[in-house]
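Chains as they are written, first to last, in full-length UniProt numbering: chain Y, 1 to 130; chain V, 1 to 130.
Glycine included, every Cβ here is placed at the ideal spot set by N, Cα and C.
On a predicted model such as this, the values are computed, not experimentally measured, just so you know.
Here's the structure we're looking at; comments come further down.
2 protein chains.
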Amino acid sequence: MNISQAASLTGVSAKMIRHYESIGLIRKSARSVSGYRIYREDDLQVLRMIKRARHLGFSLEQIRELVSLWQDPARASADVKAIARAHIADLNRRIAELSEMRDILAQLTQNCSGDAMPDCPIIDTLASSG
Amino acid sequence: MNISQAASLTGVSAKMIRHYESIGLIRKSARSVSGYRIYREDDLQVLRMIKRARHLGFSLEQIRELVSLWQDPARASADVKAIARAHIADLNRRIAELSEMRDILAQLTQNCSGDAMPDCPIIDTLASSG
DNA sequence: TTTGACCTTGCCACGGTGGTAAGCCGAACA
DNA sequence: TGTTCGGCTTACCACCGTGGCAAGGTCAAA
Numbered sequence: 001m002n003i004s005q006a007a008s009l010t011g012v013s014a015k016m017i018r019h020y021e022s023i024g025l026i027r028k029s030a031r032s033v034s035g036y037r038i039y040r041e042d043d044l045q046v047l048r049m050i051k052r053a054r055h056l057g058f059s060l061e062q063i064r065e066l067v068s069l070w071q072d073p074a075r076a077s078a079d080v081k082a083i084a085r086a087h088i089a090d091l092n093r094r095i096a097e098l099s100e101m102r103d104i105l106a107q108l109t110q111n112c113s114g115d116a117m118p119d120c121p122i123i124d125t126l127a128s129s130g
Numbered sequence: 001m002n003i004s005q006a007a008s009l010t011g012v013s014a015k016m017i018r019h020y021e022s023i024g025l026i027r028k029s030a031r032s033v034s035g036y037r038i039y040r041e042d043d044l045q046v047l048r049m050i051k052r053a054r055h056l057g058f059s060l061e062q063i064r065e066l067v068s069l070w071q072d073p074a075r076a077s078a079d080v081k082a083i084a085r086a087h088i089a090d091l092n093r094r095i096a097e098l099s100e101m102r103d104i105l106a107q108l109t110q111n112c113s114g115d116a117m118p119d120c121p122i123i124d125t126l127a128s129s130g
């Protein structure tokens with residue numbers, strides 16, 4: 001099948017399939033005589049896996065390792081777990097950062113009258129020593 | 001004072017000060033005869049405000065509006081509040097996304113033995129219909 | 001044969017920040 | 001006075017992941 005079919009069957013855009021190929025995340029596809037990329041059912045598996053891993057927020061570099069482990073029948077689940085743990089730690093860090101921002105802003109917003117007057121704790125905080 | 005002093009007094013890197021100037025977020029600074037940027041105490045206020053707003057996760061575009069409102073004595077606090085609210089909503093959206101990723105991964109990780117065996121629910125989920 | 005949909009590669013863009021290179025400038029020191 | 005070193009200038013490239021666009025080749029149906 002052609003790239004757009006592979007794209008619609010996996011949810012990965014044709015653009016991204018080409019990109020993943022160019023960075024070596026997926027193998028170079030077969031080509032037709034005229035140079036069109038050709039995909040078989042097997043190829044879709046990897047794309048679907050990448051799609052799901054991206055959905056869980058893994059970076060392409062992490063996905064590269066995950067794909068490699070996936071294709072290694074002698075893998076240790078400990079290796080997979082380590083990648084997942086690192087990603088969870090990263091997610092927690094980002095969640096904590098965003099939550100802190102949100103909490104501060106929620107507090108400031110609550111104290112802002114939100115009317116036609118200029119006085120505003122949000123601006124005041126940003127402008128002074130907040 | 002020169003740019004590196006302004007940088008160290010505000011915590012905004014010289015690189016970023018130039019960038020903010022180039023995108024019109026801050027006014028073009030005065031220049032010495034030889035072309036060096038010159039900053040006065042007044043200029044630092046804006047940089048400090050940008051620094052704090054970035055720390056709260058506002059985008060540079062939002063900051064552009066905030067700075068504009070800040071410098072407008074006839075501003076309505078409602079306008080400031082609206083920007084903050086929009087940002088809070090965005091933060092909440094991102095927090096929810098990341099939390100969902102983390103929860104799913106935490107679940108999978110918990111069920112992964114993490115030993116030398118290949119079997120692993122994380123890989124399985126990524127590879128199949130997860 | 002024409003047409004329209006598809007494919008190819010290659011470049012530019014986003015946001016925000018860092019790096020690096022080439023060249024000018026300023027101050028201190030011999 | 002001349003050298004030297006650090007700071008300043010602009011301009012470009014990189015990250016990450018994705019989208020868009022343009023110029024040109026290809027395929028299938030009408």
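Is there a Cβ from chain V that is less than 8 Å from the Cβ of residue i?
i              : result
Ala53(Y)       : yes
Asp42(Y)       : no
Ile26(Y)       : no
Leu60(Y)       : no
residue 142(Y) : Any property of residue 142(Y) remains undetermined from this structure, which presents chain Y solely from 1 to 130.
Gly35(Y)       : no
Starting from residue i, trace the alpha helix (DSSP H) in both directions and tell me its first and last residue.
i         : result
Ser99(V)  : 77-110
Lys15(Y)  : 14-22
Arg54(Y)  : 41-55
Ile122(Y) : 121-127
Ser29(Y)  : Note, Ser29(Y): premise wrong, no alpha helix (DSSP H); not H, not E.
Ala7(Y)   : 3-10
Ser68(Y)  : 60-70
Report yes if the C-beta distance between residue i and residue j is below 8 Å; otherwise report no.
i         : j         : result
Arg105(V) : Leu98(Y)  : One point to set straight first is that residue 105(V) is Leu, not Arg, in the sequence displayed. For Leu105(V) and Leu98(Y), no; Cβs fall outside 8 Å.
Ser77(V)  : Pro118(Y) : yes
Ile123(Y) : Leu69(V)  : yes
Leu66(Y)  : Leu108(V) : no
Ser29(Y)  : Asp42(Y)  : no
Arg31(Y)  : Ile38(Y)  : yes
Consider the Cβ of residue i: report whether some Cβ of chain Y lies at a distance smaller than 8 Å.
i              : result
Ser99(V)       : yes
Ile23(V)       : no
residue 141(V) : Here chain V covers residues 1 to 130 and nothing more, so residue 141(V) does not appear.
Val80(V)       : yes
Which residues in chain V have a C-beta closer than 9 Å to the C-beta of residue i? List them in chain order.
i        : result
Ser77(Y) : Cys112, Ser113, Gly114, Asp115, Ala116, Met117, Pro118, Asp119, Cys120, Pro121, Ile122, Ile123
List, in chain order, every chain Y residue whose beta-carbon is nearer than 8 Å to that of residue i.
i         : result
Ala74(V)  : Pro118
Arg102(V) : Ile88, Leu91, Asn92, Ile95
Give the residues of chain Y in contact with residue i, contact being defined as C-beta atoms less than 9 Å apart.
i        : result
Leu47(V) : What Leu47(V) touches in chain Y: nothing, since even the nearest Cβ is about 12 Å away.
For residue i, which residues in chain V fall below 8 Å Cβ to Cβ?
i         : result
Ala106(Y) : Ile88
Taking a cut of 9 Å between CB atoms, which residues from the segment 1-20 of chain V lie near chain Y?
-> none
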